[in-house]
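Before any comments, here is the structure.
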Amino acid sequence: MARPRSNELARSGHTPLGEHFAAKNADTGMPLDDGHAGPVPPQNQPGHRPEVDQDKPIEAFAELSAAVPREMLRSAPEQHAATVAGQLRLGSGFATAERPDIIERLSSLDNALAAFLSDAVELELSMKDRDRPGQATTLQCWLTGWPRLVSTSSHQALTASLVEVRDDLRRQLDDVKSRNAPQRNRQTL
Numbered sequence: 010m011a012r013p014r015s016n017e018l019a020r021s022g023h024t025p026l027g028e029h030f031a032a033k034n035a036d037t038g039m040p041l042d043d044g045h046a047g048p049v050p051p052q053n054q055p056g057h058r059p060e061v062d063q064d065k066p067i068e069a070f071a072e073l074s075a076a077v078p079r080e081m082l083r084s085a086p087e088q089h090a091a092t093v094a095g096q097l098r099l100g101s102g103f104a105t106a107e108r109p110d111i112i113e114r115l116s117s118l119d120n121a122l123a124a125f126l127s128d129a130v131e132l133e134l135s136m137k138d139r140d141r142p143g144q145a146t147t148l149q150c151w152l153t154g155w156p157r158l159v160s161t162s163s164h165q166a167l168t169a170s171l172v173e174v175r176d177d178l179r180r181q182l183d184d185v186k187s188r189n190a191p192q193r194n195r196q197t198l
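Structure follows, in structure tokens:
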């Protein structure tokens, strides 16, 4: 038999490589796999039914293993949806007096944030080197159970940079939500 293309498979010794492998590794003392692993344990024999079905996880595990945890998604009307006004904190480079204008510019993110609970979302807007050639605007979003989402812009105009970071973050939030959406006819946990 020919040598496998993957060097990892060749080194593992778990594939039948024929005489070449046996002759090359005869001095290592590594036993060749003959396919027989011993008796089958009673719990793995045909017809055995375990007390607890391990293929159907318990509810707590199902919630933890979902792409976006269920407790993070807004499902009942009494739960509060995340909004830009409620979740945004201004970092360096912005004054408190600018907050109403910034919230107005970023308010179209509310539709994308509405699917998440307010407790599960944090937003931070900051600007580095304001009114200088290397100005950079950064909008960061933390969603519980997900890596941080970061949008940046290097536009000199404040309005243009806010629009760019807003649109980029909206796209990233849509990606997060679509990862949790059922595919075709699949049911969610």
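Numbering-wise (my numbering), the sequence shown opens with residue 10 and increments by one. C-beta: ideal position from N, C-alpha, C; glycine also. Computed from a predicted model, the values in this text were never measured in an experiment.
In the three-state DSSP reduction, Val130 falls in the strand class (E or B). Annotated as distal: Lys186 and Ala91, with beta-carbon spacing of 8 Å or more. When the beta-carbon positions are compared, Val93 and Leu126 stay at least 8 Å from each other. Taking one beta carbon from each stretch, the stretch 105-113 and the stretch 143-150 have fewer than 3 pairs nearer than 8 Å; the two do not touch. The straight-line gap separating the alpha-carbon atoms of Trp155 and Ala129 is approximately 10 Å. At least 8 Å separates the beta-carbon of Leu132 from that of Leu182. Val185 carries a helical assignment under DSSP once its states are collapsed to helix, strand and coil. Counting along the chain, Arg108 sits inside the alpha helix (DSSP H) bounded by residues Arg108 to Leu115. Around Gln165, the same chain offers Gln144 as residues with beta carbons nearer than 7 Å, after the five sequence neighbours per side are excluded. Ranked by Cα distance from Val159, the options Asn53, Leu167, Ala169 and Glu173 are led by Glu173.
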